[in-house]
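What follows is a set of notes on a single structure, which appears directly below.
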Amino acid sequence: MSTAMNFGSKSFQPRPPDKGSFPLDHFGECKRFKEKFMKCLRENNSENALCRNASKEYLECRMERQLMAQEPLEKLGFGDLIDGKSETKTKF
230 MSTAMNFGSK
240 SFQPRPPDKG
250 SFPLDHFGEC
260 KRFKEKFMKC
270 LRENNSENAL
280 CRNASKEYLE
290 CRMERQLMAQ
300 EPLEKLGFGD
310 LIDGKSETKT
320 KF
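Convert by adding 229 to the 1-based position in the sequence shown; the result is the number in the working numbering.
And the structure:
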């Protein structure tokens, strides 16, 4: 009896991430921002909505140092945090 089973001709086709790959921060250029974000997550029970400002700062650091492609903050979901706008949302 064969140990390999063939479930048809379909095979897994890996695809790159939507935003493409980006280099790791080997030199720790954005470590301070990453640590601030991770601390915020720990203090807020992993509720990332409460840490959006820290997340924005981390992504800005990565973009400034060419560790990821430049993207408008609005496209990354931070349009409401630009120009000092509040990160709190109205609850209904």
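Even glycine gets a Cβ: it sits at the ideal position worked out from N, Cα and C.
- Assuming residue 259 contacts residue 270 (C-beta within less than 8 Å), just tell me the rounded distance between them. Along the sequence shown, read from residue 1 onward, the residue named residue 259 stands at position 30. Along the sequence shown, read from residue 1 onward, the residue named residue 270 stands at position 41. Between the beta-carbon of residue 259 and that of residue 270 there is about 16 Å, and that puts the pair past the 8 Å contact cut.
- Query: Taking the runs of the alpha helix (DSSP H) that are 4 residues or longer, which of them lie wholly in the segment 276-300?
  - Reply: Every unbroken stretch of the alpha helix (DSSP H) spanning 4 or more residues and falling wholly within the segment 276-300 is given here in chain order: 281-293.
- DSSP-derived helix/strand/coil call for residue 254: Here residue 254 refers to the residue found at position 25 when the sequence shown is read from its first residue. Correct three-state label for residue 254: coil.
- Query: Is residue 256 near residue 284, with beta carbons less than 8 Å apart?
  - Reply: By one-based count along the sequence shown, residue 256 stands at place 27. By one-based count along the sequence shown, residue 284 stands at place 55. Result no, Cβ atoms of residue 256 and residue 284 do not sit closer than 8 Å.
- Query: Do residue 310 and residue 282 have their CB atoms nearer than 8 Å?
  - Reply: In the sequence shown, residue 310 corresponds to position 81, counting from 1. In the sequence shown, residue 282 corresponds to position 53, counting from 1. Yes, Cβ-Cβ distance for residue 310 and residue 282 is below 8 Å.
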